[in-house]
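Take a look at the structure set out below.
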Amino acid sequence: MMDWQALNLSLLLAALTAAILVPVSVFVGRRLALSKSKSLPVIEALIALPLVLPPTVLGFYLLTAFGKGSPLGELWQTVFGHSLAFSFEGLLLASIIVNIPFAMQPIQRGFEAVPQELRDAAACSGMSPLETLWKIELPLAWPAVLTGAVLTFAHTLGEFGVVLMVGGAIPGETKTIAISIYDKVQSFDARSAAEMSAVLLAVSVTTITLTFLMSRKIGRRLS
Amino acid sequence: MKPLAPALLGLALWATPVITSAQEPLIAAASVLKFALDDIATAYEAQTGQALRIAYGSTGNFSAQIREGAPFDLFLAADEAFILGLAEEGLTRDQGVIYASGRLAMLTPKNGALAASADLSTLAIALQQGELGRFAIASPVHAPYGMRAQEALEHQGLWDDIQDHLVFGENVSQATQFAISGNTDGGIVAYALALTPEVQAQSNFALIPAEWHAPLHQRMALLPDASAEAEAFYAYLQSDAAREVFVSYGFAVPESE
């Protein structure tokens with residue numbers, strides 16, 4: 422039996438994560454692409470960190486950062502009256518942090534591939550930086566932006582370790598599709614696990630194919 | 019870029035129902051309880067109309083989450099040590115009660131080479147003759163059923179010899195999964211899981227004597243902010259109706275001891 426509630430929750434989490442993270446990544450990623458700062462490698466390393474940290478390690482740190490006794494956890498509890506960890510909002514915040522490299526890296530590469538002469542030309546014709554971004558850079562880099570969005574979406578759907586640590590597997594609130602699949606296996610319900618895994622596999626294949634099509638398109642456009 | 023605004027609005031509307039949390043008691047339960055507690059909860063909901071939300075997982079993980087302020091009303095642990103530890107730190111209302119005691123069973127896949135035996139004699143022979151492949155137990159480091167499985171193996175003098183054959187489940191459900199999958203020759207797991215129809219269809223089991231290991235007392239406790247609805251379910255779990263279900267899943271209940 423398909424756990425629709427968990428799938429719906431995962432889709433919502435993935436969509437919101439991408440909706441929040443992609444615009445941020447457009448501004449930060451563009452800045453990084455143009456930056457000549459000496460500390461750039463350090464910033465890039467920090468952004469890439471969630472990519473190499475084991476999800477359970479990241480989940481453990483986030484649990485500690487969101488939990489009881491942490492300044493953020495206390496503040497959240499005071500303002501909203503419920504805990505940040507083990508809530509949908511907490512999961513969303515964790516998901517945003519985990520997905521930073523998945524959104525940021527392709528978008529930064531996309532802006533790096535936009536020739537500097539174009540920006541200079543736009544500036545000479547009196548366009549503001551924001552106008553340049555909107556009318557020149559984004560139309561050129563949009564496949565990269567879409568790649569970032571798609572990767573973020575797909576990765577959120579599949580994320581397990583972090584959700585296991587900070588989620589609490591609460592049905593309808595923090596029990597995502599990946600946790601639900603684990604649950605089904607644990608209750609010897611191989612058929613449901615197989616069904617849900619097939620759905621995740623289909624989504625992943627589709628999104629990854631889309632991503633490769635997009636990156637090829639950027640390559641062609643900018644070469 | 020124009021369709022972005024309506025899309026965001028749609029997302030926001032879709033998000034709204036998730037944020038509202040109902041007055042349903044939120045229960046954290048050890049995964050070994052999955053089948054018994056699902057049955058009890060179904061009966062309880064039918065009888066009272068009170069819906070419950072149950073999260074199944076590892077006792078150790080839930081304990082860590084409760085230390086970080088997880089919003090559970092009630093925690094049913096697989097081992098009483100975790101509840102007593104939380105109680106000492108003032109994280110539960112009191113020391114709670116033992117709701118059931120578990121037993122161990124040796125489990126082997128149907129049509130496998132190894133037969134299940136209550137005294138583990140088949141296991142000893144297979145070991146001696148060098149015919150044992152992989153054998154599953156839950157992790158003795160943190161999983162209660164794994165610790166007790168180790169004790170039972172030690173009791174029979176098999177622990178040292180079986181080292182190279184052991185595979186460890188993160189919890190006893192996973193160990194059971196390993197034991198029935200045919201990837202191992204069998205395992206020592208929870209009797210309650212051996213009795214579930216899904217597992218019975220794929221395996222044979224033998225009940226291991228309770229004296230061979232320390233008792234598997236399973237304790238539950240309310241958390242300090244538990245709702246009145248949670249208190250009512252806590253009381254129901256100690257009723258005869260709930261205890262009958264626990265017994266039917268192979269648990270011993272406090273009076274019958």
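Chains as they are written, first to last, in my numbering: chain A, 422 to 644; chain B, 19 to 275. Even for Gly, the Cβ is constructed at its ideal location relative to N, Cα and C.
Round the Cβ separation of residue i and residue j to the nearest angstrom and send it over; I've been treating them as touching at under 8 angstroms.
i, j, result
"glycine 569 of chain A", "isoleucine 629 of chain A", "At roughly 14 angstroms, the Cβ-Cβ gap does not stay under 8 angstroms, so glycine 569 of chain A and isoleucine 629 of chain A are not in contact."
"aspartate 91 of chain B", "isoleucine 143 of chain B", "In fact, because the Cβ distance is near 49 angstroms, the residues do not count as touching under 8 angstroms."
"methionine 586 of chain A", "isoleucine 598 of chain A", "Their Cβ separation, rounded to whole angstroms, is 17 angstroms, which puts methionine 586 of chain A and isoleucine 598 of chain A out of contact at 8 angstroms."
"alanine 228 of chain B", "tyrosine 163 of chain B", "Not a contact, Cβ separation roughly 13 angstroms."
"threonine 438 of chain A", "threonine 573 of chain A", "6 angstroms"
"alanine 260 of chain B", "isoleucine 58 of chain B", "5 angstroms"
"alanine 134 of chain B", "leucine 125 of chain B", "6 angstroms"
To the nearest angstrom, how far is the alpha carbon of residue i from that of residue j?
i, j, result
"valine 185 of chain B", "isoleucine 600 of chain A", "23 angstroms"
"phenylalanine 196 of chain B", "alanine 212 of chain B", "13 angstroms"
"aspartate 610 of chain A", "glutamine 65 of chain B", "27 angstroms"
"aspartate 243 of chain B", "leucine 51 of chain B", "23 angstroms"
"isoleucine 101 of chain B", "glutamine 113 of chain B", "7 angstroms"
"proline 444 of chain A", "glutamate 42 of chain B", "37 angstroms"
"threonine 477 of chain A", "leucine 132 of chain B", "36 angstroms"
"leucine 493 of chain A", "leucine 428 of chain A", "29 angstroms"
"valine 217 of chain B", "aspartate 182 of chain B", "26 angstroms"
"serine 39 of chain B", "glutamine 192 of chain B", "Because serine 39 of chain B carries a pLDDT of 47, less than 50, the predicted location of this residue cannot be relied on, and the following value inherits that uncertainty. The straight-line gap from Cα to Cα measures roughly 31 angstroms."
"tryptophan 497 of chain A", "leucine 70 of chain B", "26 angstroms"
"arginine 540 of chain A", "alanine 562 of chain A", "13 angstroms"
"tryptophan 555 of chain A", "glycine 593 of chain A", "38 angstroms"
"isoleucine 226 of chain B", "aspartate 56 of chain B", "26 angstroms"
"arginine 121 of chain B", "leucine 461 of chain A", "59 angstroms"
"serine 76 of chain B", "proline 550 of chain A", "53 angstroms"
"glutamine 526 of chain A", "methionine 422 of chain A", "37 angstroms"
"asparagine 201 of chain B", "valine 606 of chain A", "15 angstroms"
"glutamate 646 of chain A", "proline 536 of chain A", "It is not possible to answer for residue 646 of chain A, since the shown part of chain A is limited to 422 through 644."
"aspartate 258 of chain B", "glycine 480 of chain A", "40 angstroms"
"serine 199 of chain B", "tyrosine 267 of chain B", "21 angstroms"
"alanine 623 of chain A", "alanine 575 of chain A", "11 angstroms"
"alanine 440 of chain A", "leucine 433 of chain A", "10 angstroms"
"glutamate 172 of chain B", "isoleucine 591 of chain A", "38 angstroms"
"arginine 637 of chain A", "valine 626 of chain A", "17 angstroms"
Please determine, among the options, the residue with the shortest C-alpha to C-alpha distance to residue i.
i, options, result
"leucine 514 of chain A", "A/Arg637, A/Val463, A/Val583, A/Phe609", "A/Val583"
"phenylalanine 251 of chain B", "B/Lys52, B/Ser49, B/Ala54, B/Glu63", "B/Glu63"
"alanine 47 of chain B", "B/Asn189, B/Met165, B/Gly130, B/Gly108", "B/Asn189"
"glutamate 465 of chain A", "A/Leu578, A/Ala542, A/Phe523, A/Ser504", "A/Phe523"
"alanine 96 of chain B", "B/Ala105, B/Phe80, B/Thr110", "B/Phe80"
"proline 233 of chain B", "B/Thr214, B/Val271, B/Leu255", "B/Val271"
"leucine 241 of chain B", "B/Asp57, B/Glu107, B/Glu149", "B/Glu107"
"alanine 486 of chain A", "A/Phe581, A/Pro475, A/Phe507, A/Met635", "A/Phe507"
"alanine 469 of chain A", "A/Asn520, A/Glu580, A/Leu551", "A/Asn520"
"aspartate 137 of chain B", "B/Trp230, B/Ile72, B/Ser266, B/Phe269", "B/Trp230"
"alanine 544 of chain A", "A/Phe532, A/Ala534, A/Glu558, A/Glu533", "A/Glu558"
"alanine 239 of chain B", "B/Ala154, B/Tyr117, B/Ala246", "B/Tyr117"
"threonine 577 of chain A", "A/Gln426, A/Leu442, A/Trp425", "A/Leu442"
"alanine 246 of chain B", "B/Gln68, B/Gly268, B/His160", "B/Gln68"
"leucine 150 of chain B", "B/Ser157, B/Pro158, B/Ser139", "B/Ser139"
Residues of chain C with CB closer than 8 angstroms to the CB of residue i, please, in chain order.
i, result
"lysine 596 of chain A", "Among the chains of the structure shown, chain C does not appear; the protein chains present are A and B."
With 9 angstroms as the C-beta to C-beta threshold (strictly closer), list the residues of the stretch 480-493 of chain A near chain B in chain order.
Among the residues of the stretch 480-493 of chain A, those with a Cβ less than 9 angstroms away from any Cβ of chain B are Phe481, Leu484, Thr485, Phe487, Gly488, Lys489, Gly490, Ser491, in the order of the chain.
Output, in sequence order along the chain, the residues in the stretch 180-204 of chain B whose CB is closer than 7 angstroms to any CB in chain A.
Answer in chain order: Ser191, Gln192, Gln195.
Where in the stretch 164-250 of chain B do unbroken runs of the alpha helix (DSSP H), each at least 4 residues long, occur, reported from the N-terminal end onward?
Every alpha helix (DSSP H) of 4 residues or more that sits fully in the stretch 164-250 of chain B is shown, in chain order, as 177-180, 190-198, 209-212, 215-218.
Taking Cβ-Cβ distances below 7 angstroms as the criterion, which residues of the stretch 215-231 of chain B are in contact with chain A?
Listed in chain order, the positions of the stretch 215-231 of chain B with a beta carbon within less than 7 angstroms of a beta carbon of chain A are Glu216, Val217.
Every unbroken alpha helix (DSSP H) inside the stretch 519-572 of chain A [4 residues or more]
Counting whole runs of 4 or more residues, the stretch 519-572 of chain A contains the alpha helix (DSSP H) stretches 537-545, 550-553.
4 or more residues per run - each alpha helix (DSSP H) lying fully within the stretch 113-168 of chain B
139-146, all fully within the stretch 113-168 of chain B.
Interfacial residues, the stretch 53-79 of chain B to chain A, with Cβ spacing under 8 angstroms
Here the close residues are Phe53, Arg71, Ile72, Ala73, Tyr74, Gly75, Asn79.
For the stretch 88-119 of chain B, enumerate the residues whose C-beta is nearer than 9 angstroms to any C-beta of chain A, in chain order.
In summary, the residues of the stretch 88-119 of chain B whose CB is separated from some CB of chain A by less than 9 angstroms are Ala88, Pro89, Phe90, in the order they occur in the chain.
Selection of the stretch 556-567 of chain A by Cβ proximity to chain B, strictly under 8 angstroms:
Only Leu559 from the stretch 556-567 of chain A bring a Cβ to less than 8 angstroms from some Cβ of chain B.
Residues from the stretch 241-252 of chain B in contact with chain A, defined by Cβ distance under 9 angstroms:
The residues in question: there are none.
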